[in-house]
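Chemist: Numbering of the sequence shown is given in the numbering used here, commencing with residue 516 and proceeding in unit increments. Structure incoming, see below.
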Amino acid sequence: DCPGNSEELGDHTWTFLHSTAAYYPKKPTEQQKSSILDLIGSLPALHPCKICANDVEDQIKESPPRVQSREHLEQWFCEIHNHINRKLGKEEEFDCKFVSKCWRDGWDDVSCDWEDFSLLRFLPSYFI
Numbered sequence: 516d517c518p519g520n521s522e523e524l525g526d527h528t529w530t531f532l533h534s535t536a537a538y539y540p541k542k543p544t545e546q547q548k549s550s551i552l553d554l555i556g557s558l559p560a561l562h563p564c565k566i567c568a569n570d571v572e573d574q575i576k577e578s579p580p581r582v583q584s585r586e587h588l589e590q591w592f593c594e595i596h597n598h599i600n601r602k603l604g605k606e607e608e609f610d611c612k613f614v615s616k617c618w619r620d621g622w623d624d625v626s627c628d629w630e631d632f633s634l635l636r637f638l639p640s641y642f643i
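Listed below in structure tokens is the structure:
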């Protein structure tokens, strides 16, 4: 098989970044803040998709990463992801109030059976 295309690479990158944010400490140390900033800062230089890397670099300049807490980082990634999806012409946006349920806590019924109608409408355009 050939390596994944830019869409697959993007999906995997976002899964990694959102998952990383979901398990980032609620009260990070200065070292943890520095480490996540290093990770984010490395994306423009290391991401294999140069168009994607440039988009992320522009977003980092426009809206610097908010690393003071898990909640701030989760929201920052969600906002950046939505911005890039708009730029790509994707119509649906992820409702950032669901970010913890999507990437860390799971849904109230523990089924991960995303029942919220707006979320169900959103998912195909966000991940496909």
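Idealized CB from N, CA, C, for every residue including glycine.
#1: Give every residue of the same chain whose Cβ lies closer than 6 Å to the Cβ of LEU638, excluding the five residues on either side of it in the sequence, and list them in chain order.
#2: Out of curiosity, what's the CA-to-CA distance linking SER584 and LYS541?
#3: Any idea what DSSP makes of PHE531, helix, strand or coil?
#4: List the whole-angstrom C-beta distance separating LYS602 from ASP570, where the pair is believed to meet the contact cut-off of C-beta under 8 Å.
#5: Using the Cα positions of ASP610 and HIS533, report the straight-line distance between them to the nearest angstrom.
#6: Could you have a look at PRO559 and say whether DSSP puts it in helix, strand or coil?
Modeler: Walking through what the data contain:
#1: Residue mapping note: residue 638 aligns to position 123 of the sequence shown, counting from 1. Caution is warranted here: a pLDDT of 49 is assigned to LEU638, below 50, making its placement in the model unreliable, and no coordinate value can be reported.
#2: Taking the first residue of the sequence shown as position 1, residue 584 is located at position 69. Taking the first residue of the sequence shown as position 1, residue 541 is located at position 26. About 5 Å.
#3: Here residue 531 refers to the residue found at position 16 of the sequence shown. The DSSP-derived three-state label of PHE531 is helix.
#4: Numbered from its first residue, the sequence shown carries residue 602 at position 87. Numbered from its first residue, the sequence shown carries residue 570 at position 55. About 7 Å separates the Cβ atoms of LYS602 and ASP570, confirming a contact at the 8 Å cut-off.
#5: Here residue 610 is taken as the residue at index 95 of the sequence shown, counted from 1. Here residue 533 is taken as the residue at index 18 of the sequence shown, counted from 1. Each residue's CA atom was taken as its position, placing ASP610 and HIS533 some 14 Å apart.
#6: Locating residue 559 in the sequence shown gives position 44, where the first residue counts as 1. Correct three-state label for PRO559: helix.
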